[in-house]
Amino acid sequence: MSDALRFDGVTYTYPEGARPAIEDVDLAIDEGSFALAVGPTGSGKSTLLRAANGLVPQFTGGTFTGRVSVDGRDTLAHAPRRLADVVAFVPQDPGASFVLDRVEDELAYGMENLGVHPVHMRRRVEETLDLLDLAGLRDRSVRTLSGGERQRVAIAAALAAGPRILVLDEPTSQLDPQGAEDVMAALQRLVHDHGMTVLLAEHRLERVAGWVDVAIGFDHGRVRSGTPADVIGHLGAGPPVTRLGRILGWDPLPLTVRAARAAAAAGSRPALPPRDVARNDDGHGPVVAEVRAVSASYAETTVVRDLDLDVHEGEVLAVMGRNGAGKSTLLRVLAGIHEPSEGQVRVLGSKPRPGVDVGLCPQEADELLFNDSVEHEVRATLVARGEAGDAGPWLAALGIAGLAARHPRDLSAGQRLLVATAAVAATDAPLLALDEPTRGLDPASKERLIGFIRAHAIAGRAAVVATHDVELAAAVATRVVILAGGELIADGEPGSVLGDSRVFAPQMTRVFGPGWLTPEQVAEALT
Amino acid sequence: MDRRAVHPMAWIVWATSAGFVAFVTTDPVYLLLLWAVSWFVYAGHRVDAEHARSFRLFLTGAVVAVALRTALVFFGTVSAANTTFSFLEGLRLGTILVIFGTFNAVTDPFGLVRMAPRHFHEPALAAALALSIAPRTVAGVGRVRDAQRMRGITIHGARALPALAVPVLERGMEEAHTLAESMDARGHGAGRRSRYRPQPWTGAALLIAVTAIGAAATFLAASVGGWAILHPQTSPIVWPEAHPLLLAAVGSLAAPGLVGRPER
Chain A
59 MSDALRFDGV
69 TYTYPEGARP
79 AIEDVDLAID
89 EGSFALAVGP
99 TGSGKSTLLR
109 AANGLVPQFT
119 GGTFTGRVSV
129 DGRDTLAHAP
139 RRLADVVAFV
149 PQDPGASFVL
159 DRVEDELAYG
169 MENLGVHPVH
179 MRRRVEETLD
189 LLDLAGLRDR
199 SVRTLSGGER
209 QRVAIAAALA
219 AGPRILVLDE
229 PTSQLDPQGA
239 EDVMAALQRL
249 VHDHGMTVLL
259 AEHRLERVAG
269 WVDVAIGFDH
279 GRVRSGTPAD
289 VIGHLGAGPP
299 VTRLGRILGW
309 DPLPLTVRAA
319 RAAAAAGSRP
329 ALPPRDVARN
339 DDGHGPVVAE
349 VRAVSASYAE
359 TTVVRDLDLD
369 VHEGEVLAVM
379 GRNGAGKSTL
389 LRVLAGIHEP
399 SEGQVRVLGS
409 KPRPGVDVGL
419 CPQEADELLF
429 NDSVEHEVRA
439 TLVARGEAGD
449 AGPWLAALGI
459 AGLAARHPRD
469 LSAGQRLLVA
479 TAAVAATDAP
489 LLALDEPTRG
499 LDPASKERLI
509 GFIRAHAIAG
519 RAAVVATHDV
529 ELAAAVATRV
539 VILAGGELIA
549 DGEPGSVLGD
559 SRVFAPQMTR
569 VFGPGWLTPE
579 QVAEALT
Chain B
109 MDRRAVHPMA
119 WIVWATSAGF
129 VAFVTTDPVY
139 LLLLWAVSWF
149 VYAGHRVDAE
159 HARSFRLFLT
169 GAVVAVALRT
179 ALVFFGTVSA
189 ANTTFSFLEG
199 LRLGTILVIF
209 GTFNAVTDPF
219 GLVRMAPRHF
229 HEPALAAALA
239 LSIAPRTVAG
249 VGRVRDAQRM
259 RGITIHGARA
269 LPALAVPVLE
279 RGMEEAHTLA
289 ESMDARGHGA
299 GRRSRYRPQP
309 WTGAALLIAV
319 TAIGAAATFL
329 AASVGGWAIL
339 HPQTSPIVWP
349 EAHPLLLAAV
359 GSLAAPGLVG
369 RPER
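Order-wise, the sequence lines are chains A and B. Each residue of the first sequence is one higher than the one before, starting from 59 at the first, in our numbering. Each residue of the second sequence is one higher than the one before, starting from 109 at the first, in our numbering.
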């Protein structure tokens, strides 16, 4: 076996960077590996991924020492376009990478550049459409696709060109659980059946840890590679099953539901009974928001249909459902930004005033950052409210006080999302709405976000969170609703709604049965 | 079936011809008819909301152009004659903008790049990037304004401008950068190119091109032959003329509104 990708003593500093983004990296990824880059947000994963095809430093500038070789070719001696036949890259923001308008043309673009014969090209486009289940979207404009659809098209477009190595930056962050599993299965098939090498970065370890065979752990620019169990165990992070294993002292640490089940069965402890899910039946608090017979549409497409929903004081409502189910639109309707075509929305008894009654952090959170420092960003919200208040408490609540003086542009995607969340939370609106708030967040940041959302609800207010992240819903929600085709198809306690689902069940439910949501609950019951 | 059924070359011919017609006349009858024709063509071929927004942007630009050109008069001697003259000049400019807006809304700039001969590939690409900036920016402005409203920052007045302009421009720069990176990483300009499923030259496309060339030729003949008045007299002001043949020529530019409409 030879190295598909090799880093020798690579140190790289961005222009205007104070410290190296990656430092003294030695790394060899064998041909045919399925490799995962894992580590805290801002630790250099994206930089390393972009160095794999020479975008760093050829596009970014900065100071680069050492050597990266891809399939034996030096990335300093070959422009990224000269490496396009061996390595393909899918960036974090897939929408921005589209060149052509139609899905089908976008898939063919890379092959056109490589001069692939039209007959082969046609066949490979068809195969790739099937591989990622995109045949139904082939004639659509890429600009009209939902986030998850865009992600799949971007992966397909990279694959279609037939590279030996595929590099993906958080490929499942915009996908629903089923979509994420389909993408991982497709990638694994490419690795197993076609000997392709795949390198991806991902924070949602529960989605990827069981699929990969090599992990590369990042710690402030330094890397260390090994088996997934070894690296993830060493980082002190991991999916819920690993966290449970750590609490209970299991050895080896499980990475998958299957391994956790085996470890639980091997233990001498009695099996856990189904957890009583009707624990929160002490009546609801007063209504914060009510949605009555609401339908909402864009242009000629109806996205939300005849929906009724109440949000109560003290509630954290998780809105789930597959990509394009209408989650974001529901949030926008709640926030008073999108006018429903039928029905009405009331927040605290009147028409919702955006930014006053409801603060909503959109999925494209970067779109609200306009200040030159994190602190000023949050203060801009306070000033708009007519307050000269201190941004400090909001930053501290989300654990980003240390970034106060930094320019938002220089932060990682996950850190910017936290800044945007703080800027929205600073509206101090009684209803806080967050659209996909854990994209790009490492476990530690996610933990702080969960604490923050809980505190907001406990203070007699309410939060609505649209998310694909089942572990987030399991940890934070007091109630879960599932949307399908813009209609409400499930509504209730997280234990029953998530426990009742094959797709949305969190890891603890999969191991111990309905009602068990978080490792902490299980550990408490077992010890 | 292709979502955009008409070959881009037919659109180039249509836009060039319609633009030529607008260029050689200041007769408000023909010009206003061209506005109607453009709207009809746009309405028949627009594909999604983003195109609608970008068309509206050009329409607004056209109205502003007419107003500004007319207002120029007030820097000199104001008379009915030169106000009318300025208005007609402005109307001509506005008409060309509306035609360009229609072209922009019904074609895919990057689809045009793929058609460009190899030697013109780079300039065509630069042009396509420039063409795609308007709709991208318009879409960005809407999204950013919404995002700021959701945290209580309403955008009106110059003081709130940074809250709108900074994210729009920064995101625009970032997107352009990512796009350039992505194109390079996907082998753009690496060497020999092949074409995926070239668009067929359909009967509809042929009809559009032929009628457009016919319209342009008729106006050319009138301009050279002088058998019809293309620039109505403004001093003294006379009622503009409408030659039936020229009316028919402008009307025939509406042909794309009737054929080759995309499936919705």
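Backbone N, C-alpha and C fix where the C-beta goes; we use that ideal spot for every residue, glycine too.
| Check | Outcome |
| --- | --- |
| Best match in A:Val349, A:Ala357 and A:Ala376 for proximity to Ala393 (chain A) [C-alpha to C-alpha] | A:Val349 |
| Under 8 Å (Cβ pairs) to chain B, residues found in the stretch 393-417 of chain A | Ala393, Ile395, Pro412, Gly413, Val414, Val416 and Gly417 |
| Minimum Cβ-Cβ distance from Val274 (chain B) to chain A less than 8 Å | yes |
| Spatial distance of Thr536 (chain A) from Leu141 (chain A) (CA atoms) | 49 Å |
| Beta-carbon proximity check, Ser290 (chain B) vs Pro115 (chain A), cutoff 8 Å | no |
| Endpoints, the beta strand (DSSP E) within which Leu258 (chain A) is located | Thr255 to Ala259 |
| Three-state secondary structure (DSSP) of Thr576 (chain A) | coil |
| Outcome for Pro451 (chain A) when other beta-carbon atoms lying within 10 angstroms are tallied against a minimum of 16 | exposed |
| Same chain only: Cβ atoms within 7 Å of Ala219 (chain A), ignoring 5 sequence neighbours per side | Ala142, Ala146, Gly168, Met169 and Leu172 |
| Gly447 (chain A) versus A:Leu313, A:Met566 and A:Glu435, residue with shortest Cα-Cα distance | A:Glu435 |
| Expected contact under 8 Å - CB spacing of Ala471 (chain A) and Gly498 (chain A) to nearest Å | 4 Å |
| Chain A contact residues for Glu197 (chain B), given Cβ-Cβ distances below 9 Å | In chain order: nothing, as chain A lies at least about 36 Å away. |
| Span of the alpha helix (DSSP H) around Arg304 (chain A) | Pro298 to Leu306 |
| Under 9 Å by beta carbon: chain B residues contacting Asp143 (chain A) | Gly295 and Ala298 |
| Tyr72 (chain A): contacting residues in chain B (beta-carbon distance under 7 Å) | None at all; the shortest Cβ gap to chain B is about 13 Å. |
| Trp335 (chain B) versus Pro348 (chain B): straight-line alpha-carbon distance, rounded | 15 Å |
| Alpha-carbon to alpha-carbon, Val523 (chain A) and Arg568 (chain A) | 23 Å |
| Cβ-Cβ distance between Met378 (chain A) and Ala478 (chain A) below 8 Å | no |
| CB contact below 8 Å: Met291 (chain B) versus chain A | yes |
| Contact under 8 Å by Cβ, Val225 (chain A) with Leu257 (chain A) | yes |
| Three-pair Cβ contact test at 8 Å for the stretch 407-424 of chain A versus the stretch 384-398 of chain A | yes |
| Nearest-angstrom Cα separation, counted from Glu282 (chain B) out to Gly299 (chain B) | 27 Å |
| Cβ-Cβ distance between Thr496 (chain A) and Arg259 (chain B) below 8 Å | no |
| Residue interval of the beta strand (DSSP E) (run including Gly124 (chain A)) | Thr121 to Val128 |
| Short CB-CB distance (under 8 Å) between Asn381 (chain A) and chain B | no |
| Buried/exposed call for Ile547 (chain A), threshold 16 Cβ in 10 Å | exposed |
| Beta strand (DSSP E) segment containing Tyr70 (chain A), residue limits | Asp61 to Thr71 |
| Straight-line Cα distance separating Ser187 (chain B) from Ser204 (chain A) | 56 Å |
| Three-state secondary structure assigned by DSSP to Phe147 (chain A) | strand |
| Contacts of Tyr304 (chain B) in chain A (Cβ-Cβ under 9 Å) | Glu162, Asp163, Leu165, Ala166, Tyr167, Met169, Glu170, Val174, Pro176, Met179, Arg180 and Val183 |
| Min CB distance Asp340 (chain A) to chain B below 8 Å | Since pLDDT at Asp340 (chain A) reaches only 48, below the 50 mark, its modelled position is unreliable, and the value read off the structure follows with that caveat. It does not: the Cβ of Asp340 (chain A) has no partner Cβ on chain B nearer than 8 Å. |
| Sequence-distant residues of the same chain with beta carbon closer than 8 Å to Arg316 (chain A), five excluded per side | Gly268 |
| Identity of the residues DSSP links to Pro412 (chain A) by a beta bridge | A:Val416 |
| Per-residue contacts from Asp135 (chain B) into chain A (C-beta, under 7 Å) | Result: empty, since nearest Cβ-Cβ is about 37 Å, beyond 7 Å. |
| Residues near Asp277 (chain A) in its chain [Cβ-Cβ closer than 8 Å; skip 5 each side] | Gly97, Pro98, Ser101 and Leu293 |
| At least three beta-carbon pairs within less than 8 Å, the stretch 192-203 of chain A to the stretch 229-242 of chain A | no |
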